[in-house]
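Mapped onto the working numbering, the consecutive letters of the sequence shown carry residue numbers 4 to 708.
Note sheet for the following structure.
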Amino acid sequence: MTFDFRIFSLLLAFAALAFAPAAEAQNRLGNSELNVPATLMAESQKVQPGQTVTLAFLMEPKPTWHGYWENPGDAGIGMSFDWTLPTGVTAGEPQFPVPSTLLISGIMNYVYKGDYAILVNLTVADTVRPGPLPISVKSEWLSCTDEICVPEQDELSITLQVVGKGTAVVLDKRFNDFRAALARPLGSEATFAVGDDLFRLSVPLPASVAIDDPYFFIKQDGIVDYAAPQKFNRDGDRLIMETAARGDQLDSITGILKIGNHNGFLLTATKGEVSMTGLPLASDGAEQEGGASLLLLALGGALLGGLLLNLMPCVFPILSLKAISLAKAGGNETEVRRDALAYTAGVVLVATALGAILLGLRASGAAVGWAFQLQDPRIIFVLLALVTAIGLNLAGLFELPNINIGSKLTHKSGASGSFWTGALAAFVATPCTGPFMAAALGATIILPPIAALVIFAGLGVGLALPFLLIAFIPAIRNRLPKPGPWLDGFRKAMAIPMFLTAIGLIWLLGRQIGTDALGLSLVFLLVVALILWWFGGGQMKGMSRGAIASVAMAIAVFGAILALPGEEAMTSQKLANISNETLPSEPFSEARLSELRASDQPVFAYFTADWCLTCKANEAAAIQRAETADAFQTAKVAVLMGDWTRPDPDISRFLEKHGRAGVPLYLYYAPGEEPVVLPQILTVATLTDLVDDTVQTAKLATNPQ
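Here you go:
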């Protein structure tokens with residue numbers, strides 16, 4: 004008879020819990036500190052009736068100690084929750100982050116060695132009246148080192164405040180990091196099979212998804228041998244796992260597929276047939292080839308997307324600066340080529356730098372996407388000062404600019420001026436998206452960091468490509484007009500798109516932070532204009548006022564930033580932006596989407612931002628049209644609108660799940676079917692045809708004859 008250490012360790016753990024009260028009393032007489040202390044936190048201290056608030060059990064193991072996942076593996080015990088809740092309040096299932104493996108003497112444990120947070124959603128019924136909301140919970144868990152285990156427990160409590168539905172709710176931003184550590188729903192069902200003492204799992208996972216040291220954590224006990232090695236094969240768009248089996252008594256299982264450090268998918272698998280096909284993951288040349296193909300495809304999309312950005316209104320004002328530079332150069336081959344290369348260097352450097360910042364923010368747990376900088380009103384104010392200064396310079400208000408806010412840089416002569424013009428063009432171009440860009444930028448989510456930076460650099464090359472063609476193809480360059488008196492009039496005309504850009508930025512500020520921003524922006528522009536007028540007047544008199552003007556401009560910019568409204572005003576404005584629309588909509592949330600889909604109601608979900616001109620064009624041309632609204636109303640289509648004008652981690656994560664790094668994204672959910680991803684350029688017919696198909700399908704289902 005062999006001795007099974009796993010059974011012995013489990014018996015010890017259960018015996019320890021049986022005597023937990025006595026152990027705790029003894030612990031309090033001595034050292035009252037827990038080895039894995041828990042803190043109960045709320046994402047918001049205020050909650051509205053009919054809404055949900057998320058609580059977090061922040062677990063902070065001491066050095067050498069660890070806690071356990073809900074299925075601890077061969078040994079250990081998961082955390083338990085005994086709630087005491089007011090009437091009308093219900094607690095959801097706990098959500099655990101992606102665990103790690105710990106193998107000791109052939110015993111496999113699923114553990115957390117560093118700080119981790121377990122999330123629980125509390126739902127407050129509509130009938131709950133405003134006032135204090137006391138929440139308490141008794142929790143028990145097992146804390147272990149590699150040598151000893153100690154059962155621990157604590158009674159945690161927190162008092163929330165139920166407020167009226169019009170009251171602003173401020174969210175704790177730390178919960179964004181907590182959610183980033185959770186496994187993401189896979190979205191597609193997996194398949195498992197048990198036979199010949201083997202457990203096999205087939206997971207639908209695109210070949211382009213990067214995988215690092217995969218592992219499958221199964222929630223149900225008694226199905227697999229936890230300590231047995233797991234083998235992974237890649238077969239096209241499926242990942243197949245094989246390990247030793249223990250039993251075969253379930254028709255469905257759930258678990259987490261880890262594909263990287265603190266990165267994984269939450270999946271459900273049903274019983275079926277699974278064969279160990281494909282190639283081993285560790286030496287999967289096909290996967291490497293697939294990754295290279297994805298990189299080349301995404302790079303091509305980035306080049307074409309960057310090229311088409313030159314046609315976007317948001318980029319044209321900056322291109323006007325380059326047009327003036329080319330006009331001055333005339334047909335001078337050396338000068339034109341030098342300026343084109345410098346311009347390209349500026350575009351590529353800034354596009355790559357923005358991509359690197361984006362990847363860095365994502366790696367730190369922040370849920371951000373492309374054009375993240377224009378979600379911050381402070382950056383918009385700096386851009387507003389910049390384009391206003393450039394516009395006034397083009398109009399002739401001042402010359403030889405010495406105001407060090409970028410205008411000086413973009414108006415320098417020679418390669419230096421071309422470089423900074425390209426840098427500014429790349430920075431302003433980021434809010435724009437067009438054909439080919441969505442897939443290219445979406446690929447940066449799953450590609451390795453170096454490959455993702457190549458994509459961002461390719462976007463910059465595409466944006467600069469027209470000027471490279473002019474510089475290096477004589478047939479095009481020879482058609483450039485020769486410098487002459489007309490150039491001064493052309494330069495002043497180019498001030499108009501700059502002023503239009505300033506108006507657009509003011510409108511964007513109004514959409515982000517309310518109508519108060521309109522007055523603040525106009526006062527700010529008046530101050531900027533007066534400073535530059537005073538500076539230009541000094542130039543005409545031969546006086547040097549550059550230092551004073553620079554200080555005054557800096558004070559104006561920082562003063563405007565300090566005068567911005569607070570976060571609550573911005574949240575209220577976001578909610579107000581979705582009212583009074585031709586096609587009414589609800590704010591997007593995954594919970595609301597699931598609720599609508601469960602009721603078999605068709606859903607149109609679209610994701611937009613006020614700084615996204617493609618989004619606004621689609622809304623004006625197709626979405627917010629009476630024909631679309633009538634068709635959607637007839638078919639009873641629910642409309643969910645995700646507003647990404649301001650940072651929204653939930654929307655960022657949803658975009659990422661659909662392979663997008665930014666907006667727009669348009670999805671149509673027919674009842675009982677997978678979502679249809681619509682093109683980035685919409686027409687009324689695109690939307691109404693979808694609705695017509697849904698109506699016809701419903702009629703056939705009701706009257707099959």
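Note that CB positions come from ideal geometry on N, CA and C, so glycine has one too.
Within the stretch 189-234, complete beta strand (DSSP E) segments of at least 3 residues are found at 193-198, 201-207 and 218-221, given in chain order. Judged by their CB atoms, Val39 and Gly81 are not nearer to each other than the 8 Å cut-off. Under the three-state reduction of DSSP, Leu260 is assigned to strand.
Sequence-distant Cβ neighbours of Val687 in its own chain, meaning closer than 7 Å and more than five residues away, are Ala625, Arg628, Glu630 and Thr631.
For Gly91, there is no enclosing alpha helix (DSSP H), as DSSP marks it with neither H nor E.
Each residue's CA atom was taken as its position, placing Val680 and Leu427 some 33 Å apart. Excluding the 5 residues flanking it on each side, Ala498 has same chain C-beta neighbours closer than 6 Å at Gly394, Leu397 and Ala398, in chain order.
With contacts defined by Cβ atoms closer than 8 Å, Met644 and Ser602 do not form a contacting pair. The alpha carbon of Val531 has as its nearest neighbour, out of Leu512, Leu344 and Ser553, the alpha carbon of Ser553. Ala460 carries a helical assignment under DSSP once its states are collapsed to helix, strand and coil.
Around the CB of Glu150, fewer than 16 other CB atoms lie within 10 Å, so the residue is classed as exposed. Secondary structure at Ile110: strand, using DSSP grouped into helix, strand and coil. Taking 8 Å as the upper bound for CB-CB distance, Ile564 and Arg381 are in contact here, some 5 Å apart.
A distance of 8 Å or more separates the beta carbons of Phe202 and Ala230. In this chain, the beta strand (DSSP E) harbouring Gln156 covers Cys152 to Val165.
DSSP, read as helix, strand or coil, puts Leu567 in coil. Here Leu362 is not near Gly465, since their CB atoms are 8 Å or more apart. Apart from the 5 residues on each side of it in sequence, Val166 sits with its Cβ closer than 8 Å to the Cβ of Lys49, Val50, Gln51, Pro133 and Val172 in its chain, given in chain order. Under the DSSP assignment, Pro652 falls outside any beta strand (DSSP E), being part of the alpha helix (DSSP H) whose first and last residues are Pro652 to Lys660. Note on Trp536: under 16 other CB atoms within 10 angstroms of its CB, so exposed under the neighbour-count rule. The continuous beta strand (DSSP E) containing Glu73 extends over residues Gly70 to Gly76. When DSSP states are grouped into helix, strand and coil, Cys147 belongs to the strand group. A residue is called buried when at least 16 other Cβ atoms come within 10 angstroms of its Cβ; Ile476 does not meet this threshold and is exposed. The beta carbon of Phe430 sits closer than 6 Å to those of Val353, all from its chain and outside the five residues before and after it, given in chain order. Pro217 and Leu269 have their C-alpha atoms roughly 13 Å apart.
One Cα belongs to Gly309, the other to Val350, and the distance between them is close to 10 Å. Put simply, of Gln252, Pro232, Asp251 and Val212 the residue whose alpha carbon is nearest the alpha carbon of Arg241 is Val212.
With distances taken between CA atoms, Thr67 lies nearest to Tyr115 out of Phe181, Val339, Tyr115 and Val123.
Ile121 has Phe60 as its beta-bridge partners, per DSSP. Excluding the 5 residues flanking it on each side, Phe195 has same chain C-beta neighbours closer than 8 Å at Phe202, Arg203, Leu204, Ser205, Ile256, Ala272, Thr273, Lys274, Gly275 and Val277, in chain order. Here Met279 carries a coil assignment [DSSP, helix/strand/coil].
Between Leu253 and Glu192, the alpha-carbon positions lie close to 16 Å from each other. Within the same chain, Gly91 come within 6 Å of Thr130 by CB-CB distance, once the 5 residues on both sides are set aside. Separation of Val390 and Trp423 (C-alpha to C-alpha, rounded to the nearest whole angstrom) is 14 Å.
Inter-residue distance for Gln515 and Lys619 is about 15 Å (C-alpha atoms, whole angstroms). The residues Pro217, Tyr218, Phe219, Met244, Glu245 and Thr246, in chain order, have a CB closer than 8 Å to that of Gln233 in the same chain once the five nearest residues on each side in sequence are set aside.
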